[in-house]
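Chains as they are written, first to last, in the numbering used here: chain A, 429 to 740; chain B, 1216 to 1659.
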């Protein structure tokens, strides 16, 4: 039995309190089951990153011994890490899941989207994502977003209503009371659902360690050829780096987040095990996104603006 | 967080708490101080705040920018919505529902308090208990938040005098007691100077209690629901229909209150059919018993009709079902709630049609007086409501169970969440402080 009875200090031992991971797990499972009970066509956004991997693990537990009653959706920027795509395909096959892919490269090849001058494709994900949601008529879209990631996300509901253009309007949010989530929506609208809302980066890592969940190996320290741009270590590739004047060197690094190669930076690290990673995160003085995401530094409200447009 | 080690983090509990305070009593400073002194603000966040403050021509970093996340909030310098923040100490993880203090945002305090196990009510030591303090105490009492902390702030501005603190604590505790608030902990602090927030104050030798953070770290959590009436709202029926599990039929849900054991005779509501629990699966593992707030799947002896929306309860402790719900509500939508309004009511996992039959009174939070037959409730109003439901619901009194005594009303036309409801009496009758031995055993 994985449930632990936590002791909180002198004289305050409560035999009834769940450990924080058990409490977060139970809440996330409740959210998955609410969606399964109330929606027609839910889908789980799956990038092969640690948050979506934890979401899938929770969904597997929530419906065991039955299969997960959702399909997966990956927004492929065309600049993904090959290790992560391999991981994605492996888990899809292992659990007999159905995978939908919305491809940014397709949109660029068709001339619908234009490559940006700075080479990042993160903002380009919004259109393929929202069109896929409409085309497949998904009415609930699970995302791995956590409120601790960013100040606009701190205002996000667990059930977040999006209009037919997938837009987020912070002033139109429904109050969320007790655990009585309101999933009502008009045809064409959908609800973004965030089961990991109340988790922090550290919680995610502790849970991965407790449940012994396999991850793509780029999350652990490894020798990698990188070059410096905008204060981050980026992986060279056909996506557009290094440019002239940027030099490649071999460093011991790992990734704290996994996203588009053009804007996701590696951090110097010698953490090779889960325990090493947890110790490193606990001691870090930088947030996950502050350390590794270039696109969030574009403006003070970069995330809010992307979310309003339909980004997850 | 630099002092937190991986080992120390492995076995902590989670405390959800909410803040309430009026505009100038220093709530942002307290939240900022708490995050800062517990080393929960990271370098890049602080840098972003410094950058934004400088670009606005401010001399010092404006810590409110840490918490005001939306463009409109930063532009107007106000907080318009509940934000959730996270921090940790070696002893506990915290989820803070940071709620705006303006009176017009009563609904936000209700939202924050609905999931909180502790509410912090801030008072300016120079002003003492004011109308706004009484409002906050009343909402905490209505929502039956198990623990209330009175943080008497700005003690530095009253020369750290014990008499000032003692007078305010006495007045507040008496008022809260009348409302039936079960427990008040009063702490003298200065959020600005850092006295008794994270570190003990050097200026108040007369105070022998815990600092604010120590209290948050040690207050008991989740002890109140595990030994009340057991309730399991059925969320989803799990039927694999595979070669490996041809006959598995499990009823999945999060235990809303109490404890269930294998062998318990249970009744399924609203049908009233009875059977016995033959197995409990705790996320893939077979267990003998499970308690709130665990998410489980139960297996029953008889193949009776059970579906989403049903409530599984112990046969010896089943609530009555009713189509007439009387409740205290907080109206949270901009459009008013009127007599004759056709709504949906979501209670547990069940959503049914309902009609507002009567609004007998509206509560004036300032003096707790009742305004009879107001005709309607507008945003932020708290009042009594009588609702007739299309199907019988097993509604507990909110005093007995915050989960199965609560509900929301939804507008059937556009899905808006209209109203937060708490069934039964509004305020608890004052009761003697519970003996600690009540909480020891597993049996009830």
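Cβ coordinates follow ideal geometry from the N, Cα and C atoms, glycine included.
Secondary structure within the stretch 456-542 of chain A: the beta strand (DSSP E) runs of 3 or more consecutive residues, fully enclosed, are 470-473, 499-504, 527-531 (chain order). For the pair residue 449(A) and residue 575(A), the CB atoms are not nearer than the 8 angstroms cut-off. Listed by position along chain B, the residues whose Cβ is nearer than 9 angstroms to that of residue 685(A) form an empty set, because the closest Cβ is around 14 angstroms away. Residue state for residue 661(A) is assigned as strand, using DSSP reduced to three classes. The three-state secondary structure of residue 1602(B), taken from DSSP, is strand. Judged by pairs of C-beta atoms under 8 angstroms, the stretch 523-538 of chain A touches the stretch 484-498 of chain A, as three or more such pairs exist. Residue contact check for residue 526(A) against chain B: no CB pair falls below 8 angstroms.
Among the CB atoms of chain A, none fall inside 8 angstroms of the CB of residue 1479(B). Residues of chain A whose Cβ lies closer than 7 angstroms to the Cβ of residue 1391(B) do not exist, since the nearest Cβ in that chain is about 22 angstroms away.
At least one beta carbon of chain B lies nearer than 8 angstroms to the beta carbon of residue 610(A).
Beta-bridge partners assigned by DSSP to residue 618(A): 590(A). In this structure residue 1538(B) does not touch residue 1446(B) by the C-beta definition: roughly 19 angstroms separates them, more than the 8 angstroms allowed.
Taking a beta-carbon distance threshold of 8 angstroms, residue 697(A) does not count as an interface residue toward chain B.
Residues of chain B with a Cβ closer than 8 angstroms to the Cβ of residue 613(A) are, in chain order, 1630. Counting the other CB atoms within 10 Å of its CB gives residue 1242(B) a total of 16 or more, which places it among the buried residues. Only 448, 450, 451, 452, 453, 454, 455, 457, 458, 461, 462, 464, 465 from the stretch 448-467 of chain A bring a Cβ to less than 8 angstroms from some Cβ of chain B. DSSP, read as helix, strand or coil, puts residue 1243(B) in helix.
Residues 1310, 1330, 1331, 1332 of the same chain have their beta carbon placed closer than 6 angstroms to that of residue 1231(B), with the five preceding and five following residues left out of the count. No Cβ of chain B is located within less than 8 angstroms of the beta carbon of residue 623(A). Burial check for residue 1586(B): the Cβ neighbour count within 10 Å stays below 16, so the residue is exposed. Bounds of any alpha helix (DSSP H) do not take in residue 1638(B); it lies within the beta strand (DSSP E) bounded by 1632-1638. In this structure the stretch 1544-1559 of chain B does not lie against the stretch 1498-1506 of chain B, because fewer than three pairs of beta carbons, one per stretch, are closer than 8 angstroms.
Along the length of the stretch 1503-1533 of chain B, whole beta strand (DSSP E) runs at least 3 residues long occupy 1504-1506, 1510-1515, 1526-1529, reported in chain order. Against chain A, a Cβ distance below 7 angstroms from residue 1453(B) picks out 491, 494. If you compare the alpha carbons of 696(A), 488(A), 672(A) with that of residue 683(A), the shortest gap goes to 696(A).
Any Cβ of chain A closer than 8 angstroms to the Cβ of residue 1450(B) would place that residue at the interface, and such an atom is present. Across the set 1518(B), 1517(B), 1536(B), the C-alpha of 1536(B) shows the shortest separation from the C-alpha of residue 1526(B). Less than 8 angstroms separates the beta-carbon of residue 620(A) from that of residue 569(A). For the pair residue 1380(B) and residue 453(A), the Cα-to-Cα distance works out to about 41 angstroms.
Rounded to the nearest angstrom, the Cβ distance from residue 1450(B) to residue 1467(B) is 5 angstroms, consistent with a contact under 8 angstroms. Contacts between residue 714(A) and chain B, judged by CB atoms closer than 8 angstroms, involve 1257, 1258, 1259 in chain order. Here residue 625(A) is actually not in contact with residue 1228(B); their C-beta atoms are around 19 angstroms apart, not less than 8 angstroms.
Note that the C-beta distance between residue 1605(B) and residue 1569(B) is below 8 angstroms.
Under the Cβ distance rule, residue 626(A) counts among the residues neighbouring chain B, one pair being separated by less than 8 angstroms.
Going by beta carbons, residue 1258(B) and residue 714(A) fall inside the 8 angstroms limit.
Burial of residue 1349(B) is indicated by the presence of at least 16 other C-beta atoms within 10 angstroms of its C-beta.
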